[in-house]
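A.B. asks:
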Amino acid sequence: MKGIVFTEFLEMVEEKFGLEVADSIIENSHLPSEGIYTSVGTYEFNEMVSLITNLSKEVKAPVDDLIYAFGLYLFNGLSKAHPEVIQSYSSPLSLIYSIEDHIHLHVKKLYPDAELPTFKILEQTDNSLTMIYSSSRGLYRLAHGLIEKSFEHFNKTATVNFELLNENGTEVKFNIVQDGE
Ligand code: HEM
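No gaps in the numbering here: position 68 of the sequence shown is 68 in the UniProt record's numbering, and each next residue is one more.
#1: Restricting to runs no shorter than 3 residues, where is the beta strand (DSSP E) found entirely within the UniProt domain "Heme NO-binding" (2 to 160)?
#2: Let's test the definition: count the other Cβ atoms within 10 Å of the Cβ of residue 29 and tell me whether it reaches 16, buried, or not, exposed.
#3: Using a threshold of 9 Å, state whether the C-beta atoms of residue 8 and residue 73 are closer than that.
#4: Short of 7 Å in beta carbon distance, which residues of its chain neighbour residue 100, apart from the five on each side in sequence? Order them along the chain.
#5: Between residue 148 and residue 180, what straight-line distance do the alpha-carbon atoms span, to the nearest angstrom?
#6: At which residues does the beta strand (DSSP E) containing residue 168 begin and terminate?
#7: Of all Cβ atoms in chain B, is any one closer than 9 Å to the Cβ of residue 122?
#8: Excluding five sequence neighbours on each side, which residues of the same chain lie with their C-beta closer than 8 Å to the C-beta of residue 3?
#9: Here's the rule I'm using: 16 or more other beta-carbon atoms within 10 Å means buried, otherwise exposed. How should residue 18 be labelled?
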C-alpha cells in the first residue's frame, strides 16, 4: 500500500482523535516501518490493518465506520496531491465513471507498485451509476467514503447503496443515484 494512504490516515487520526491516540496506535501495532512513512514509499497492507484495528479498539468505534470516515478524508488528500486529475472532471458521476480507465490508470503510471481495486461498470444513466468494486483488500467502505466526497466536492448529493456479493467484501456492488436539483 502506498505511503500517501498511511500519511493521510495518521493525519486524520491526529486531527480527529489527537496526537496521543496516533502515537499509541503506532506503538501497539508493532509495525515493521515503525510508523515512519513517505508518500511515495510502499508498505505492507497489513500495517494498515493493524493501525485500523488498534484505532477501533482505542476509540471504541467500529472498523467499518472508521474506514468510511477515512474515505471521506482521503479524497481531499488525493486531490491535493494530484489536482490535475480532479480538475479534468466537471461532475461527480463523470469522475467516478473514470476511476478505472483514467484515474487509477494514471496512478499506476505514477506508482507502478500501487495495488488498486477494479471497478466494473454495469449500468450508466445521466444521473446514476451501477458498478462492482473488486479488491482482495476489501476496502469497499473506503470506496464508499471517496464516492460520497466526490459529490460533496462538486456541491452535489447522492444516494449511495452497496451490496456485498461475498462475505469478506472483496466484491461489492454499488448503486449511485445523484439527487435531483
Ligand atoms: C471516487 C473516486 C475514487 C475511488 C472510489 C477510489 C477507490 C480506491 C480504493 C477503494 C482504494 C484502496 C485500495 C483497494 O481497495 O484495493 C484506492 C487506492 C488508491 N487510490 Fe483511489 N479511488 C478514487 C479516486 C482516486 C484519485 C482521485 C486518486 C489520485 C489521483 C486515487 C489514487 C489512489 C492511490 C494512490 C491509492 C493507493 C494505492 C496503493 O495503496 O497501492 N484514487 N482507491
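Ideal Cβ placement from N, Cα and C applies to all residues, glycine included.
C.D. replies: On the basis of the data shown:
#1: 118 to 125 and 128 to 134
#2: buried
#3: Going by C-beta atoms, residue 8 is nearer than 9 Å to residue 73.
#4: Only 118 and 119 meet the Cβ criterion.
#5: 15 Å
#6: Here residue 168 belongs to no beta strand (DSSP E), and DSSP marks it neither H nor E.
#7: The structure shown has no chain B; it contains just one protein chain.
#8: 37, 38, 39, 40, 41, 42 and 43
#9: exposed
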